[in-house]
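Structure first, then comments.
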């Protein structure tokens with residue numbers, strides 16, 4: 001199995017991306033195609049003594065999508081951008097999955113144009129694992145679509161279910177609809193219209209409405225919502241986690257001498273906690289619904305996050321998540337769309 | 001000045017509500033009308049030796065809105081419910097502000113029917129103070145309206161500005177529009193349509209778009225969003241905060257002996273931190289836009305939260321926040337609505 005990695009994506013490219021790829025190839029028995037500026041990638045490979053590693057190949061791409069660029073325009077204009085080339089490798093069957101650190105907008109556009117959608121899916125969406133009391137809650141859509149219709153949330157529920165089942169290994173994942181109250185009648189127009197559609201699904205287990213607090217509580221395995229809401233929650237959660245850890249440290253610092261001694265002792269524990277709350281550690285967020293395995297990573301991803309993302313990309317392929325989604329959508333006879341909207 | 005308190009509202013009524021009122025009356029030089037079951041309220045007053053306190057009066061109301069009831073129906077049916085009577089006391093000029101613990105839906109309905117709206121405001125909204133790096137960020141709407149239109153967010157921006165200025169004491173509060181990117185063109189239909197309207201405002205300072213992470217970071221003083229999004233964020237934030245504090249404690253417990261010693265030393269500090277993150281400590285959330293001063297408290301409010309809410313209710317009156325909002329709306333020539341929607 002071979003994973004195409006956009007080696008030029010994210011804030012620490014290519015060095016951290018290449019290190020992550022080297023480690024993943026060694027640890028997970030995977031081949032990796034590093035896509036991007038050949039010269040710069042080779043330099044990093046040499047620096048870390050991996051230039052002879054046969055699991056790693058370099059595929060040259062002369063262009064890069066910068067963070068500030070308009071995603072859709074840039075993807076259409078730069079035909080030799082690393083993310084476009086990486087996606088093409090999968091479309092053409094040379095690779096099995098894409099790992100894309102950096103601009104989410106560019107990654108989504110590249111995937112949509114390069115791989116197309118699974119038949120019956122109108123809006124692919126991003127599934128983000130969020131740390132919770134019970135381990136992980138999958139939140140989707142966390143940023144691909146900002147004006148979701150009920151049908152898109154139904155698609156999200158089906159896709160999130162299969163991600164939780166085959167990647168997180170939960171035998172019968174529960175799916176909740178994010179809302180502002182438990183009763184079916186609660187919420188805004190979108191959630192009110194979505195609830196009865198989710199109730200009708202045969203291939204997944206719909207739990208009912210969940211509220212914001214149910215995400216950290218792990219009430220359900222999968223929480224489905226509009227991409228605007230999901231994105232705001234995700235970023236708020238990341239910010240809150242870092243803010244609280246900072247507060248804990250400051251609180252300790254401002255305490256007396258004994259507390260400071262205590263602090264010295266628990267700092268390592270706090271550090272590991274910070275990692276648990278660092279959403280980027282979980283190996284990226286799959287873009288579900290495109291016709292291929294595609295992982296989006298945070299722009300700030302370092303080697304470990306890239307390594308994890310490559311592992312998850314491999315699992316997506318091995319578990320045939322795309323196939324399971326396709327089958328489920330067919331069984332549900334979800335209304336099919338022709339529009340490109 | 002006299003504050004009408006729904007003594008039957010919330011999970012710990014009437015005892016905790018009455019204790020909070022006793023403390024507030026003593027501390028803040030305010031009169032309080034305790035509205036509800038006279039016999040039960042008098043019992044609590046006697047229990048705490050406050051039966052002779054002339055700052056406290058009891059106004060009997062024979063009915064209570066239960067948490068499970070449909071708010072609008074219950075308010076219309078139960079004309080002698082404590083929350084309805086408390087609101088009526090303000091409408092009739094006997095009291096200056098309402099403090100309402102318990103069901104948010106019932107409180108909003110009681111306020112809308114009992115006090116009406118400020119001229120030019122179509123949708124009153126709930127402003128919730130959220131702890132942030134810089135102190136407090138005001139999030140509104142945090143749950144009154146689930147299907148906001150651009151105009152409602154504009155109203156929210158104006159109201160949040162005056163709340164931050166006159167109650168939080170920020171001389172020139174900045175107002176941000178919650179979105180999924182910084183550029184004006186980002187976001188969903190609602191945020192895209194709202195941005196240019198906020199830019200045009202003359203009486204407040206619009207900062208531009210902010211993202212989820214800007215709420216804990218305190219990038220702006222006021223964050224305006226749709227009530228569905230705000231409510232989900234608020235509950236997610238409360239859940240996250242409690243989850244992380246729990247994690248910190250567990251992390252310490254699972255560490256070795258020295259860490260446990262350290263933990264003993266820092267537990268008091270953690271407790272105070274938990275309080276800082278307890279959104280209910282801040283004295284409730286004002287319902288802005290109704291034609292009167294009205295504070296909604298969490299259903300789980302204990303005496304301290306009630307006491308703080310009564311203080312903030314007094315400040316709303318003293319600072320004439322309703323008057324400032326009215327003036328600002330007139331100056332902005334915000335489109336006026338006649339509909340009851």
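Chains as they are written, first to last, in UniProt numbering: chain E, 1 to 341; chain S, 1 to 341.
C-beta atoms are modelled at their ideal positions from N, C-alpha and C, and glycine is treated no differently.
Remember, predicted model here, so these are calculated numbers, not experimental data.
Specify, as a first and last residue, the run of the beta strand (DSSP E) that residue i falls within.
i: residue 205(E); result: 205 to 210
i: residue 168(E); result: Residue 168(E) -> no beta strand (DSSP E), and no H or E assigned at all.
i: residue 2(S); result: 2 to 6
i: residue 296(S); result: 293 to 297
i: residue 286(E); result: 285 to 288
i: residue 60(E); result: 56 to 60
Return the residue from the list the options that minimises the CA-CA distance to residue i.
i: residue 220(S); options: 129(S), 62(S), 152(S), 191(S); result: 129(S)
i: residue 325(S); options: 307(S), 287(S), 311(S), 298(S); result: 287(S)
i: residue 289(S); options: 106(S), 282(S), 329(S); result: 329(S)
i: residue 345(E); options: 197(S), 223(S), 234(S), 248(S); result: A question about residue 345(E) goes unanswered here, because the residues of chain E that appear run from 1 up to 341.
i: residue 194(E); options: 207(E), 7(E), 150(E), 268(E); result: 150(E)
i: residue 283(S); options: 272(S), 302(S), 271(S), 292(S); result: 302(S)
i: residue 63(S); options: 55(S), 8(S), 164(S), 252(S); result: 8(S)
i: residue 211(S); options: 14(E), 236(E), 13(E), 189(E); result: 236(E)
i: residue 238(E); options: 319(E), 224(E), 298(E), 198(E); result: 298(E)
i: residue 134(S); options: 20(S), 322(S), 216(S), 29(S); result: 216(S)
i: residue 164(S); options: 90(S), 36(S), 315(S), 72(S); result: 315(S)
i: residue 246(S); options: 169(E), 138(E), 132(E), 322(E); result: 132(E)
i: residue 112(E); options: 84(E), 127(E), 137(E); result: 84(E)
i: residue 81(S); options: 120(S), 218(S), 34(S), 311(S); result: 34(S)
i: residue 100(E); options: 225(E), 14(E), 274(E); result: 14(E)
i: residue 70(S); options: 106(S), 95(S), 1(S); result: 106(S)
i: residue 108(S); options: 181(S), 27(S), 285(S); result: 285(S)
Using DSSP with H/G/I as helix, E/B as strand and the rest coil, what is residue i?
i: residue 100(S); result: strand
i: residue 336(E); result: Because residue 336(E) sits at a pLDDT of 47, beneath the cut-off of 50, its placement in the model cannot be relied upon, and the point is left open.
i: residue 177(E); result: strand
i: residue 341(E); result: For residue 341(E), the predicted model reports a pLDDT of 39, less than 50, meaning its position is unreliable; a value from the coordinates is still stated below. In this structure, residue 341(E) counts as coil in the three-state DSSP scheme.
i: residue 319(S); result: coil
i: residue 157(S); result: helix
i: residue 114(E); result: helix
i: residue 24(E); result: helix
i: residue 219(E); result: coil
i: residue 272(E); result: helix
i: residue 303(S); result: helix
i: residue 129(S); result: strand
i: residue 135(E); result: strand
i: residue 142(S); result: coil
i: residue 184(S); result: coil
i: residue 148(S); result: coil
i: residue 309(E); result: helix
i: residue 81(S); result: strand
Name the chain S residues whose beta carbon is nearer than 8 Å to that of residue i?
i: residue 212(E); result: 231, 232, 233, 234, 235, 236, 237, 238, 239
i: residue 143(E); result: 180
i: residue 133(E); result: 243, 246
Going along chain E, which residues have a C-beta under 7 Å from residue i?
i: residue 146(S); result: 180, 187, 188
Could you spell out where the alpha helix (DSSP H) holding residue i opens and where it closes?
i: residue 31(S); result: From DSSP, residue 31(S) is part of no alpha helix (DSSP H) but of the beta strand (DSSP E) over 31 to 36.
i: residue 247(E); result: 227 to 253
i: residue 196(S); result: 189 to 199
i: residue 50(S); result: Counting along the chain, residue 50(S) falls outside any alpha helix (DSSP H), and DSSP gives it neither H nor E.
i: residue 64(E); result: Premise fails: residue 64(E) is in no alpha helix (DSSP H) and is neither H nor E.
Which residues in chain E have a C-beta closer than 8 Å to the C-beta of residue i? List them in chain order.
i: residue 277(S); result: 244, 247
So is residue i in contact with chain A if we call contact Cβ pairs under 8 Å?
i: residue 177(E); result: Among the protein chains in the structure shown, which are E and S, there is no chain A.
The ligand ZN heavy atoms versus the CB of residue i: any closer than 7 Å?
i: residue 323(S); result: Ligands in the displayed structure: none, and consequently the ligand ZN is not present.
task: Name, going along the chain, the residues of the segment 215 to 227 of chain S whose beta-carbon falls closer than 7 Å to a beta-carbon of chain E.
output: Those would be 215, 216, 217, in chain order.
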